[in-house]
Amino acid sequence: MLQRLFKKRSDQTVMGYRLEEPRLTFIALLWFLLYVGLPVIGLGLLMDFLIEWMTGRCLGLWCYF
1 MLQRLFKKRS
11 DQTVMGYRLE
21 EPRLTFIALL
31 WFLLYVGLPV
41 IGLGLLMDFL
51 IEWMTGRCLG
61 LWCYF
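According to my numbering, the stretch in the sequence shown is residues 1 to 65, in order.
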């Protein structure tokens with residue numbers, strides 16, 4: 001099963017032109033951060049706010065500044 005994931009794909013050609021292999025790009029990283037990073041940060045901020053509001057103790061990183 002793992003060998004199938006790491007196996008090199010054969011070259012694909014379209015009308016005689018060799019297609020480049022898919023690769024991660026900078027834009028893909030930005031999209032990942034947008035769709036995964038921002039919600040995780042938002043949930044963390046919400047939890048810190050709720051804990052501070054309920055207990056009166058600041059647990060967020062910004063409490064040190």
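Every residue, glycine too, gets a C-beta built ideally from N, C-alpha and C.
ask   = Can you tell me whether DSSP reads T55 as helix, strand or coil?
value = Assignment of T55 by DSSP, reduced to helix, strand and coil, places it in the helix class.
key: Alpha-carbon spacing of C28 relative to E20, whole angstroms   = According to the sequence as given, residue 28 is Ala; it is not Cys. Answer to the nearest angstrom: the Cα atoms are 16 angstroms apart.
inquiry  = For C63 and R23, I'd like the C-alpha separation in whole angstroms.
reply    = 40 angstroms
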